[in-house]
Amino acid sequence: MSATKLKSVDVVVVGSGVVGSIMSMELASAGMSVVCLERGKQFDVSTDFHKPNVYDELKFDRHSDIFQNLARDTITFRNNEAQTALPMREMGAFKPGEMVGGTAAHWGGNARRFLPHDFEMYSRIKERYGQSFIPEGCNLQDWGVIWDDIEPYYDQFEEIFGVGGKAGNLDGEIQAGGNPHEGPRSREYPNPPTQRTYEGALFADAVSALGYVPFQGPTAAMTQDYRNLYRVQMLECARGGFCSSHVCAQGAKANPLVAVLPALTRQPNFELRPLCNVLRVNVDSTGKKATGVTYIDARGNEVEQPANIVVLGAYCFSNVRLLLLSGIGTPYDPRTGKGAVGRNYAYQQGGSVQVFFDDREFNPFIGGGQVNTSIDEFNGDLIDRGPLGFIGGAYVNTSTSGATPIKGKRVPPGTPRWGGEWKKAVAHYYRRNMSISIHASCLSYRHNYLDLDPTYKDAYGLPLLRMTFDWNDNELRMMKYLNERCTEIGRALNGSRLGGTNKGIHFGITGYQSTHNVGGAVMGSDPSTSVVNKYLQSWDISNLFVVGGSAFPQNPANGPTETIGMLACWAADAIKENYVRNPGSLV
Amino acid sequence: MTLSDNPIGASYIYLLEPELRFLEAAVEHLIPTDELGPGARDAGVVVYIDRQLAGTWGAHGRQYRGGPWMEGTPQQGYQSRFTPQEVYRIAIRELNQHCKAEFDRPFAQLASDRQLRLLEQLEKDEIALPSLSSKLFFDLLWRNTEEGYFADPLYGGNRDKVGWKLLGFPGVPSGEYRHLLTSREPYYAEPVSVLDVQTGKAPVDAEGFPKHVIIKRNSDRER
Numbered sequence: 101m102s103a104t105k106l107k108s109v110d111v112v113v114v115g116s117g118v119v120g121s122i123m124s125m126e127l128a129s130a131g132m133s134v135v136c137l138e139r140g141k142q143f144d145v146s147t148d149f150h151k152p153n154v155y156d157e158l159k160f161d162r163h164s165d166i167f168q169n170l171a172r173d174t175i176t177f178r179n180n181e182a183q184t185a186l187p188m189r190e191m192g193a194f195k196p197g198e199m200v201g202g203t204a205a206h207w208g209g210n211a212r213r214f215l216p217h218d219f220e221m222y223s224r225i226k227e228r229y230g231q232s233f234i235p236e237g238c239n240l241q242d243w244g245v246i247w248d249d250i251e252p253y254y255d256q257f258e259e260i261f262g263v264g265g266k267a268g269n270l271d272g273e274i275q276a277g278g279n280p281h282e283g284p285r286s287r288e289y290p291n292p293p294t295q296r297t298y299e300g301a302l303f304a305d306a307v308s309a310l311g312y313v314p315f316q317g318p319t320a321a322m323t324q325d326y327r328n329l330y331r332v333q334m335l336e337c338a339r340g341g342f343c344s345s346h347v348c349a350q351g352a353k354a355n356p357l358v359a360v361l362p363a364l365t366r367q368p369n370f371e372l373r374p375l376c377n378v379l380r381v382n383v384d385s386t387g388k389k390a391t392g393v394t395y396i397d398a399r400g401n402e403v404e405q406p407a408n409i410v411v412l413g414a415y416c417f418s419n420v421r422l423l424l425l426s427g428i429g430t431p432y433d434p435r436t437g438k439g440a441v442g443r444n445y446a447y448q449q450g451g452s453v454q455v456f457f458d459d460r461e462f463n464p465f466i467g468g469g470q471v472n473t474s475i476d477e478f479n480g481d482l483i484d485r486g487p488l489g490f491i492g493g494a495y496v497n498t499s500t501s502g503a504t505p506i507k508g509k510r511v512p513p514g515t516p517r518w519g520g521e522w523k524k525a526v527a528h529y530y531r532r533n534m535s536i537s538i539h540a541s542c543l544s545y546r547h548n549y550l551d552l553d554p555t556y557k558d559a560y561g562l563p564l565l566r567m568t569f570d571w572n573d574n575e576l577r578m579m580k581y582l583n584e585r586c587t588e589i590g591r592a593l594n595g596s597r598l599g600g601t602n603k604g605i606h607f608g609i610t611g612y613q614s615t616h617n618v619g620g621a622v623m624g625s626d627p628s629t630s631v632v633n634k635y636l637q638s639w640d641i642s643n644l645f646v647v648g649g650s651a652f653p654q655n656p657a658n659g660p661t662e663t664i665g666m667l668a669c670w671a672a673d674a675i676k677e678n679y680v681r682n683p684g685s686l687v
Numbered sequence: 002m003t004l005s006d007n008p009i010g011a012s013y014i015y016l017l018e019p020e021l022r023f024l025e026a027a028v029e030h031l032i033p034t035d036e037l038g039p040g041a042r043d044a045g046v047v048v049y050i051d052r053q054l055a056g057t058w059g060a061h062g063r064q065y066r067g068g069p070w071m072e073g074t075p076q077q078g079y080q081s082r083f084t085p086q087e088v089y090r091i092a093i094r095e096l097n098q099h100c101k102a103e104f105d106r107p108f109a110q111l112a113s114d115r116q117l118r119l120l121e122q123l124e125k126d127e128i129a130l131p132s133l134s135s136k137l138f139f140d141l142l143w144r145n146t147e148e149g150y151f152a153d154p155l156y157g158g159n160r161d162k163v164g165w166k167l168l169g170f171p172g173v174p175s176g177e178y179r180h181l182l183t184s185r186e187p188y189y190a191e192p193v194s195v196l197d198v199q200t201g202k203a204p205v206d207a208e209g210f211p212k213h214v215i216i217k218r219n220s221d222r223e224r
């Protein structure tokens, strides 16, 4: 089959989500010719996500056509190497997107930076507790960047996504009202913090009495009308819920569709090609230079797009799979520990403690846009981990995210799963509960990894990505500790009953948990344990940049999107300020 | 009993007469009619299930369908060769055969407590259906019953928004919510569905949000 070969461009970008859109914008506005390839459909916010149709939980949360179409492409999954991986046949634990705008088009808007600790986790843990404190089989690694390198790019991303919050640490000075444990910020958030709900106020009182410092967690749902760095206008959030899984009808939740693409599509040297499924990155005969990508276009034709620079800016799974399908780098082998592509895959831990009241009633459907009250004492490495015996942590919060009627109901433990007693319990407690959520880290381990499945294929006949993953003792010990602390908070809230959720001993891909899949093409300073250098540049191929959640060496607590956006700004800057002047390795 | 006798007088696309009889009886056990309001049958959950089975989801149109097919672990999720359409068709037929063999009658004609016991056995995978796991079927049935009772009435269930009235969920949000974020007053309004707005039954404001009709509650409603 001979592919149609197109005219070469400066940059071809794979994916149009947070990474693809921001990197396209940064590089196109610097004068480079940019083509962005997206496998999903193009959407128009005003006609595809209009009122009232967007307020439809069944359509968007259960049967969404903005999530990856698993009939064409999915992953296979197993808990360990002794099992046979089987396809993820229906959407469950996570919901990768498939549309112009990517997965972030339906994100929840939780816009937290990581902590300075997170980027140097290996060095700092080793320094404080010694090498032997790191669990057996754990591939704990530094990122190759430190806080001062990347803080300006967090700032840039927040100016693009209109993040609202209150600084807790301005240039080292602790600020009242903010998170005192955050990394030092160079300036305030672009938008003010959210207001505190009834649940948030109860939580704040309870945690303050226990000695913690409550703050309003940062959000990318606009807390006021806002014109961003790209001169795009976004409207204040109307607090109608229907956030995560949904695209905001109000255009109030920053995402590539509303925060970047309106400005990007005006760039004369930019072209977006939706419904184009990239099959591989092409590499020349030296194996050291990418020549472009080959994709199947909307009409089914095979097309080659030559480019001087290739950016893989897709979802974690797709970035890793494209590297493996293209034969770039050495696939990771868990038996020898050699090879870096697919190494250090990690998911996200978490759980919740629920408090049920008989004497308080809330309005759980009013909210959304990440209206949450949080504490950060359990995050990073603030509390001495020595006596606790685990590495990692969590932010803890109560969030009023707009409880929807199918999935947003909670009942006390011991309630039957169905029948008359269940009906009475949902009727009574739907408006009389609040949740203390634990959003926790997950380290990377030798036996948790990504590779190509030997059996199952996608619609193009190419192998599916195979995930081998299970929880490790470190994370289970951490969750036990966090559940105990959150149960104390729950008791302090003086409800009539407590309940809770946790993920169990074995990871399962059923039941939504989070879309926070990371790693597999991680950044670092050692080519034997990382796929890209600190600038997200391939160690093997200097004109290939692999940017996204795939670059995280392990998964910190705070949710990946803000850091994915930051890395896009950081990598784009490295390309336009350094790489184009002096092509070749940046380190 | 004929099709036109079904309590909401709807038509059906996929489901067959014996399946309707089974589902009307079964879903009423899952969410029963009681002093709090109508149960799943009168909420139109069977119509909802019929529409879902007849649509993209019923044929697993966006699910991975490639073989080989293996049972897998619970952690690996849905691994049946059968689409939801096929699961319902096969399971109801085989369950009715089981009921006839054991009790001389199909499920729908058994006494209520016998039906309840059978549903509990299905859930625990204690009935050995010849072709598939009874738990697989029960889990789909419960998932669809809950969806049908609480999804927008657009899909045929949640008739008269009974599911939302049960919860005190007002449906499509009001433009006033932004002013109520910090409120400690319980907010009750007549629920508004997408269907209501689409069919012009609920007027909208300039931004497209419906105007909620606030329910003044008696203190005794709180009990």
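Residue numbers (this note's numbering), protein chains in the order written: chain A, 101 to 687; chain B, 2 to 224.
Think of the CB as a built atom: it goes at the ideal place given N, C-alpha and C, for glycine as much as any other residue.
1) Closest to N682/A by CA distance: which of P660/A, Y155/A, N643/A is it?
2) Applying a beta-carbon distance threshold of less than 8 Å, which residues of chain B neighbour A338/A?
3) When you check each C-beta in the region 10–36 of chain B against every C-beta of chain A, which residues fall closer than 8 Å?
4) To which residues of the same chain is E138/A closer than 6 Å at the C-beta, ignoring the five residues directly before and after it?
5) Suppose you measure from the CA of D144/A to the CA of Y150/B; what does that come to, to the nearest Å?
6) Leaving aside the five residues before and after V118/A along the sequence, list all residues of the same chain whose C-beta is less than 7 Å from its C-beta, in chain order.
7) So what's E371/A in DSSP terms, helix, strand or just coil?
8) Any chance you could list the alpha helix (DSSP H) runs of at least 4 consecutive residues sitting entirely within the region 237–266 of chain A, in chain order?
9) Should G78/B be flagged as near chain A, meaning a C-beta pair shorter than 8 Å?
10) Counting C-beta neighbours from all protein chains within 10 Å, is the total for L21/B 16 or more, i.e. buried, or is it exposed?
11) When you check each C-beta in the region 314–347 of chain A against every C-beta of chain B, which residues fall closer than 8 Å?
12) Mapping the DSSP letters down to three states, classify G493/A as helix, strand or coil.
13) If you measure from the beta carbon of N682/A to each beta carbon in chain B, is any gap under 8 Å?
14) C294/B to F108/B, Cα distance in whole Å?
15) Using a Cβ-Cβ cut-off of less than 8 Å, give me the residues of the region 555–571 of chain A that come near chain B, in sequence order.
16) Cβ of S108/A within 8 Å of Cβ of P406/A?
17) Taking the alpha carbon of G469/A as the reference point, which residue from V618/A, G341/A, R178/A has its own alpha carbon closest?
18) Using the rule of at least 16 other Cβ atoms within 10 Å of the residue's Cβ for burial, across every protein chain shown, is M322/A buried or exposed?
19) Write down the C-beta distance between N548/A and T74/B rounded to the nearest angstrom, noting that I regard them as a contact closer than 8 Å.
20) Give me the subset of the region 431–447 of chain A whose CB atoms are less than 7 Å from a CB atom of chain B, sorted by chain position.
21) If I'm right that Y155/A touches V195/B with Cβ under 8 Å, what's the distance once you round it to whole angstroms?
22) Between which two residues does the beta strand (DSSP E) holding V411/A run?
23) Just mark Q77/B as buried or exposed, buried being the case when its beta carbon has 16 or more other beta carbons within 10 Å.
24) Taking Cβ-Cβ distances shorter than 7 Å, what residues in chain C pair up with Y155/A?
25) Just by C-beta distance, which residues in the region 186–198 of chain A are closer than 9 Å to chain B?
26) Tell me the DSSP bridge mates of A190/B?
27) Mind checking whether V496/A and S537/A have CB atoms under 8 Å apart?
28) Once the 5 residues before and after P431/A are set aside, which same chain residues still bring their CB inside 8 Å of it?
29) Can you give me the start and stop residues for the alpha helix (DSSP H) that M579/A sits inside?
30) For the beta strand (DSSP E) containing M125/A, name the first residue and the last one.
31) Look at D271/A and P280/A and say whether their C-beta atoms are less than 8 Å apart.
32) Kindly confirm or deny that the region 129–139 of chain B and the region 475–495 of chain A touch, where touching means at least three C-beta pairs closer than 8 Å.
33) Buried or exposed: which applies to D51/B, given that a residue is buried once 16 or more other Cβ atoms fall within 10 Å of its Cβ?
34) Near F456/A, what residues of its chain come up, given a Cβ to Cβ distance below 7 Å and the 5 sequence neighbours on each side ignored?
35) Residues of chain B with CB under 8 Å from L215/A, in chain order?
36) Give the straight-line distance between the Cα atoms of M188/A and E72/B, rounded to the nearest whole angstrom.
Reading off the structure:
1) Of P660/A, Y155/A, N643/A, the residue nearest in Cα terms is N643/A.
2) Scanning chain B for C-beta atoms nearer than 8 Å to the C-beta of A338/A yields P174, G176, Y178, R179, E208, F210, reported in chain order.
3) Per Cβ criterion, the list reads H30, L31, I32, P33, D35.
4) S116, V200, P374
5) 31 Å
6) Answer for V118/A: G202, A204, P356, T661, I664, G665, A668, listed in chain order.
7) strand
8) 247–261
9) yes
10) buried
11) E336, C337, A338, R339, G340, G341, F342
12) coil
13) no
14) Coverage of chain B is limited to positions 2 through 224, which leaves residue 294/B absent and any answer about it impossible.
15) T555, Y556, K557
16) yes
17) Per the Cα distances, G341/A.
18) With 16 or more other Cβ atoms within 10 Å, it is buried.
19) With a Cβ gap of about 16 Å, N548/A and T74/B do not count as contacting.
20) none
21) 6 Å
22) Counting along the chain, the beta strand (DSSP E) containing V411/A begins and ends at 402–412.
23) buried
24) The question asks about chain C, but that chain is absent: this structure's protein chains are A and B.
25) L186, P187, M188, R189, E190, M191, G192, A193
26) I215/B
27) Cβ distance < 8 Å, so V496/A and S537/A count as in contact.
28) These residues qualify, in order along the chain: L424, G439, V441, G442, D551, L552.
29) 573–592
30) Boundaries for M125/A: no beta strand (DSSP E) harbours it, while the alpha helix (DSSP H) harbouring it runs 118–129, taken from the DSSP string.
31) Taking 8 Å as the cut-off, the Cβ atoms of D271/A and P280/A do not count as close.
32) no
33) buried
34) Correct list, in chain order: P512, Y529, R532, N533, G595, S596, R597, G599.
35) By Cβ distance, chain B contributes nothing, its closest Cβ being about 28 Å from L215/A, past 8 Å.
36) For M188/A and E72/B, the distance between alpha carbons rounds to 13 Å.
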